Amino acid sequence: ELRLPSGSSAQVIVAHPDPPSSPDQVAGWTEGLAAIPAPRDRIPTIVAGDFNGTLDHAALRRVLALGYVDAAAARGMGLSPTWPSGALLPPPVTIDHILVSRRIGVADVETHLLEGSDHRALSAELLVPTR
């Protein structure tokens with residue numbers, strides 16, 4: 021739980037399911053995404069991390085259906101690639117996400133080069149309700 025200067029709070033969840041690199045790893049990846057809880061009614065919820073999946077994956081769409089919005093997609097940046105950073109092969113994809121409960125507004129989203137990482141960093145300016 022994150023305490024905000026206003027005195028309100030938000031729930032922050034970090035996601036990093038194992039990548040579905042082979043057919044026998046897909047079940048574990050799907051289970052990792054299925055473990056993400058639905059947003060709580062009165063507490064704004066943020067889920068962020070390397071989801072190892074794009075918005076085209078049904079398992080990630082099921083997470084969104086729980087009551088989340090992809091912050092980048094909300095700002096028209098849903099296809100901004102985050103992996104691999106600086107490489108052309110494999111083709112860059114968007115597998116890092118910031119998901120927010122519908123009560124949270126999204127003012128801005130950016131990707132950043134991150135020295136020493138194969139991912140681009142993803143940041144968002146979020147508008148969290150005070151009550």
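So the sequence shown is residues 21 to 151, counted in this note's numbering. By construction, the Cβ of each residue, glycine as well, lies at the ideal position given by its N, Cα and C atoms. Keep in mind that this is a model prediction, so the values were computed, not measured.
Between Val83 and Leu53 the beta-carbon gap is near 6 Å, inside 8 Å, which marks them as a contact.
Membership of Glu145 in any alpha helix (DSSP H) is not indicated; the residue belongs instead to the beta strand (DSSP E) covering Ala141 to Leu147. By the 16-neighbour rule on beta-carbons within 10 angstroms, Pro64 is buried. In this model, Pro57 and Val120 are separated by some 12 Å (Cα to Cα). Apart from the 5 residues on each side of it in sequence, Glu145 sits with its Cβ closer than 6 Å to the Cβ of Ala127 and Asp128 in its chain, given in chain order.
Within the DSSP secondary-structure output, Ile66 pairs in a beta bridge with Val32 and Val120. Taking each of Ile66, Asp138, Ser100 and Ser137 in turn and checking the Cα distance to Glu130, the smallest one comes out for Ser100. With fewer than 16 other Cβ atoms inside 10 Å of its own Cβ, Arg60 counts as exposed. When C-alpha distances from His77 are compared across Val113, Leu134 and Pro25, the shortest belongs to Val113. DSSP, read as helix, strand or coil, puts Leu84 in helix.
Straight-line measurement puts the Cα of Asp44 at about 30 Å from the Cα of Ala91.
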